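> In my numbering, the protein residues as written are 1 to 97.
1) Taking 8 Å as the cut-off, decide whether the C-beta atoms of residue 18 and residue 9 are in contact.
2) Assuming residue 94 contacts residue 51 under a Cβ cut-off of 8 Å, what Cβ separation, rounded to an integer in Å, is found between them?
3) Quick check: the region 82-97 against the region 48-63, are at least 3 beta-carbon pairs closer than 8 Å?
4) Taking C-alpha atoms, which residue in 65, 84 and 97 lies nearest to residue 73?
5) Here's a check: name, in chain order, each residue in its chain whose Cβ is nearer than 7 Å to the Cβ of residue 84, leaving out the five neighbours to either side.
6) The ligand MG and residue 76: does any heavy atom of the ligand fall closer than 7 Å to the residue's C-beta?
7) Taking the alpha-carbon positions, what's the residue 48 to residue 68 distance?
8) Assuming residue 63 and residue 41 are in contact, meaning their beta carbons sit under 8 Å apart, how far apart are those beta carbons, in whole angstroms?
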């Protein structure tokens, strides 16, 4: 077998960097925001919170809220031709108008 190289945060130097205006305390409003089922959201990983984060490949992608499981939301996303389900904390999500 081939040995695995790297971890989940490999090659994420620019993806997991905040703008200087966004640095500081974690926004409590964004941490506890609510989403409706079927709502479309953008996945924007917050580097200040490591829990409830999906794989960095999905950063910047659009997903549909399928269900709520505990504090996380189940998101439906298409990766190539395959449908996938992600579990993500609401602080890593952004509403789309």
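Backbone N, C-alpha and C fix where the C-beta goes; we use that ideal spot for every residue, glycine too. Computed from a prediction, not measured in an experiment: that's the story for all the values here.
Let me spell this out:
1) Residue mapping note: residue 18 aligns to position 18 of the chain shown, counting from 1. Residue mapping note: residue 9 aligns to position 9 of the chain shown, counting from 1. No. Outside cutoff.
2) Looking up residue 94 in the chain shown gives position 94. Looking up residue 51 in the chain shown gives position 51. The C-beta distance from residue 94 to residue 51 rounds to 18 Å, too long to meet the 8 Å contact threshold.
3) When C-beta atoms of the region 48-63 are compared with those of the region 82-97, three or more pairs fall below 8 Å, so the two segments count as touching.
4) Translated into the one-based positions of the chain shown, residue 73 becomes position 73. The candidate whose alpha carbon is nearest that of residue 73 is 65.
5) Reading the chain shown from its first residue, position 84 is the one you call residue 84. Non-local C-beta neighbours of residue 84 in its own chain, meaning closer than 7 Å and more than five positions away in sequence, comprise 77, ordered along the chain.
6) Here there are no bound small molecules, and the ligand MG is not part of this structure.
7) Within the chain shown, residue 48 is the residue found at index 48, counting from 1. Within the chain shown, residue 68 is the residue found at index 68, counting from 1. So the two alpha carbons sit approximately 22 Å from each other.
8) In the chain shown, counting from the first residue as 1, residue 63 sits at position 63. In the chain shown, counting from the first residue as 1, residue 41 sits at position 41. Rounded, the Cβ-Cβ distance is 6 Å, consistent with contact.
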